[in-house]
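Under my numbering, the residues of the sequence shown are numbered -5 to 85, in order.
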Amino acid sequence: MGKKLITINMVEQMFNDGIEKLYINDKVIVSPGARDYAHEKGIKVIYGKEKIEESDDLIARITEILENSYEITEEDIIKKITCSVVDIIQS
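Written out as structure tokens, the structure is:
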């Protein structure tokens, strides 16, 4: 599987969704424009393993987005999605 490219449009959507941190691992490339835009909007770009220590915040934020932006309120579905997202991000 190839690397995922983070674009300005993706960072703009993160900003609009209230996301304050962008976690980057070795499977992700951030375009220079997206990195500049994140900095301009106050989104902290975090590289490497620092994200593992903040997984509780990540789970809370994913849950909040699912409930508020997508009106998903079933606990089983939220748990399944958050576990999948955290596994993907931390792998």
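Positions of the beta carbon are idealized from the N, C-alpha and C atoms, including for glycine.
Where does residue i land, buried or exposed, given buried means 16+ other C-beta within 10 angstroms?
i, result
"A28", "buried"
"T98", "In the structure as shown, the chain begins at -5 and stops at 85. Residue 98 is therefore absent and cannot be evaluated."
"I82", "exposed"
"Y31", "buried"
"I23", "exposed"
Check the DSSP bridge columns for residue i and list the partner residues they point to.
i, result
"K(-2)", "V22"
In this structure, does DSSP put residue i in helix, strand or coil?
i, result
"D11", "coil"
Measure how close the beta-carbons of residue i and residue j come, nearest whole angstrom, since I'm counting them as under 8 Å.
i, j, result
"I40", "K15", "6 Å"
Counting only runs of 4+ residues fully inside the segment 14 to 75, write out the alpha helix (DSSP H) ranges in chain order.
26 to 35, 44 to 47, 49 to 64
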